[in-house]
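See structure below.
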Amino acid sequence: MLKSYLSVLSIVLLFSTIGRSQEQQTCRQIKGYKVCDKKGTLVDVSQQEFGETLEIHDLNLLAIRENTFKNLTTTKLSFGLGNKISAVKKKSFKGLEKLERLDLDSNVISLSPNLFSELKQLHSLSLIFNKISEIPKDTFADLSNLMWLYLGHNDIESVNKDSFSGLSSSLTFLWLNDNKITSIETGAFSQMPELTRLHLENNKLTSIQPGVLRGLHKLDGLFVEENELNSVSKNDFKGLIGLRILNLHHNQIASIESGAFSDLSQLEQLDLRKNQLTRVDYGVFNGLSNLKRLDLSDNKIAVVQSGAFAGLSALKTLILANNKLTDVDRKDFGLTSLTILYT
């Protein structure tokens, strides 16, 4: 009889445990997907209807368990709202072989080597507002199709030569804006021959190390505004033969070395407003034969040497407002194409 009683008790306890386990796991339908989480951890996502987009928002998720996704056809996946995911491992993204776009914005993801290596088809990865402080070696390894990488609005302080090791050479756009970057090691961007836009605005850079931008021959736009640069040297932008847009406004630039822009024959827009320039010397803009717009407003310029703008044959707009110049006459500059002069 005791044996029978114990058997019944075991069955009762078993069903009780199963019941509690099922109660702790919450499942919901999200546009053709069954999404299950348990105590803040995403544990199971399965597909019930064909769909390309899955948005898992407002679940207060803290983690994504390994092997959560079950061979989905999803191409776009977003966790960007109402979650605080911090615990993610390499196999957390297994089963997403067709994924092209992943949005993990506004979480607290800690990066680690090979974290996204399961995502062979990924084109776009967004990690803004994640409080990321460092980029470990091989974090982005095996992302052979990645073209857009968003790392803005984090707490990154330095970019090392290995920060992007193993990253796809097809990367086209890189956002590192609104961080706390004080230094970038030479070679950090050496595996990005296809890069066309590089955003470094609103950081704490005081200089651009020699060779940091070497090899970026297809770079079209470089944005380094709102940093702490105090000068521009002739090696800073060497080799950027495809550059069309260069933003350097809101820095502390007090001097520009002659020949600093000599390699930028394709440059069309140069923004140097709100710096600490006191003069414009002869030859400082040599090589800018295609420049169409030059903004030098809100500096402390009191002297413009004769021939300072020589060679700017394509210049249409020159902005010199809010400086310390007097009696400015466009004829003094010898700019035959100039149509707009703000003083």
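Quick note on numbering: the sequence shown equals residues -21 to -1, 1 to 322 in mature numbering (1 follows the signal peptide of the UniProt record, and there is no 0). C-beta atoms are modelled at their ideal positions from N, C-alpha and C, and glycine is treated no differently.
- request: Rounded to whole angstroms, what's the CA-CA distance from N226 to V259? Just pull it up for me.
  value: 18 Å
message: For N181, tell me which candidate among L320, L155, D250, F216 has the shortest Cα-Cα distance.
response: L155
query: Should S285 be labelled buried (16 or more other beta-carbon atoms within 10 Å of its own) or exposed?
result: Taking every protein chain shown into account, the CB of S285 has fewer than 16 other CB atoms within 10 angstroms, so this residue is exposed.
query: Roughly how many angstroms separate the alpha carbons of G290 and T161, rounded to a whole number?
result: 35 Å
task: Sort out for me which residues DSSP pairs V263 with in a bridge.
output: Paired residues: none, contrary to the question.
CA nearest to the CA of S25, picked from Q8, S237, D37: Ranking the options by Cα distance to S25, first place goes to Q8.
message: Using beta carbons (cut-off 8 Å, strictly below), is D23 in contact with chain C?
response: No chain C appears in this structure, which consists of one protein chain only.
message: Just to check my reading of the structure: K303 and T318 have Cβ atoms closer than 8 Å, yes? What is that Cβ distance to the nearest angstrom?
response: No, K303 and T318 are not in contact; Cβ-Cβ is about 25 Å, not under 8 Å.
- request: Could you pull out every residue in the same chain whose Cβ sits closer than 7 Å to the Cβ of residue 347, ignoring the five residues on either side in sequence?
  value: Not covered by the structure: residue 347. The range shown for the chain is -21 to 322.
task: Grab the span of the beta strand (DSSP E) containing K17 for me, first residue to last.
output: Counting along the chain, K17 sits inside the beta strand (DSSP E) bounded by residues 12 to 17.
field: Classification of K253 by the beta-carbon crowding that lies within 10 angstroms, buried from 16 upward
entry: Buried, since its Cβ has 16 or more Cβ neighbours within 10 Å.
query: In three-state DSSP terms, what is F95?
result: Coil at F95, not helix or strand.
query: Based on the DSSP secondary-structure assignment, which residues constitute the bridge partners of R7?
result: V14
task: Compute the Euclidean distance between the alpha carbons of K279 and T322, then round it to the nearest angstrom.
output: Annotation: K279 to T322 spans about 13 Å, alpha carbon to alpha carbon.
message: Quick check on S71: does DSSP put it in helix, strand or coil?
response: helix
query: Quick one: what's A66 bridged to in DSSP?
result: A42
message: I'd like the list of long-range same chain contacts for K69, defined as Cβ closer than 7 Å, with 5 residues on each side in sequence excluded.
response: N93, L94, S96, E97
- request: Kindly indicate the opening and closing residues of the beta strand (DSSP E) around L225.
  value: 224 to 226
query: Nearest-angstrom Cα distance between L51 and L201?
result: 37 Å
- prompt: Does the count of Cβ pairs from the region 170 to 178 and the region 212 to 220 closer than 8 Å reach three?
  reply: no
field: Residue from V282, H228, G221 whose Cα sits closest to the Cα of N269
entry: Distance check between N269 and each of V282, H228, G221 places G221 closest, using alpha-carbon atoms only.
field: Per-residue DSSP class, three states only, for F202
entry: strand
Presumed contact (8 Å Cβ cut-off) between D23 and L40, rounded CB distance: With a Cβ gap of about 13 Å, D23 and L40 do not count as contacting.
task: Determine the direct distance from the alpha carbon of L81 to that of T47, and round the result to whole angstroms.
output: Distance from the CA of T47 to the CA of L81, rounded to the nearest whole angstrom, comes to 15 Å.
task: To the nearest angstrom, report how far apart T305 and D242 are at their CA atoms.
output: If you take the alpha carbons of T305 and D242, they lie about 32 Å apart.
query: What is the DSSP secondary structure of F48, counted as helix, strand or coil?
result: strand
- prompt: CA-CA distance, E113 and K99?
  reply: 23 Å
message: With DSSP as the reference, identify every bridge partner of I135, one or two as the case may be.
response: For I135, which the question treats as bridged, DSSP gives no partner whatsoever.
- prompt: Span of the beta strand (DSSP E) holding V24?
  reply: V24 -> beta strand (DSSP E) spans 20 to 26.
query: Given a threshold of 16 other Cβ atoms within 10 Å of its Cβ, counted over all protein chains shown, does S(-6) qualify as buried or as exposed?
result: Here the model assigns S(-6) a pLDDT of 47, short of 50, so the residue's position is not dependable, and the following value carries that caveat. Result: exposed.
- request: Count the other C-beta atoms from every protein chain shown that fall within 10 angstroms of the C-beta of R229, then say buried if there are 16 or more, exposed otherwise.
  value: The question names Arg, but residue 229 in the sequence shown is His. It is buried - the Cβ of H229 has at least 16 other Cβ atoms within 10 Å.
Residues that DSSP places opposite Q284 in a beta bridge: According to DSSP, which records beta bridges pairwise, Q284 is partnered with nothing at all.
- prompt: Among the residues of its own chain, which have a CB less than 6 Å from the CB of F108, if the five just before and after it don't count?
  reply: D84, S85, H132
message: The beta strand (DSSP E) that contains I35, what's its start and end?
response: Note, I35: premise wrong, no beta strand (DSSP E); not H, not E.
- request: Note down, in chain order, each residue of its chain lying with its Cβ closer than 6 Å to the Cβ of N158, except the 5 sequence neighbours on either side.
  value: Closer than 6 Å at Cβ, skipping near neighbours: N133, I135, N182.
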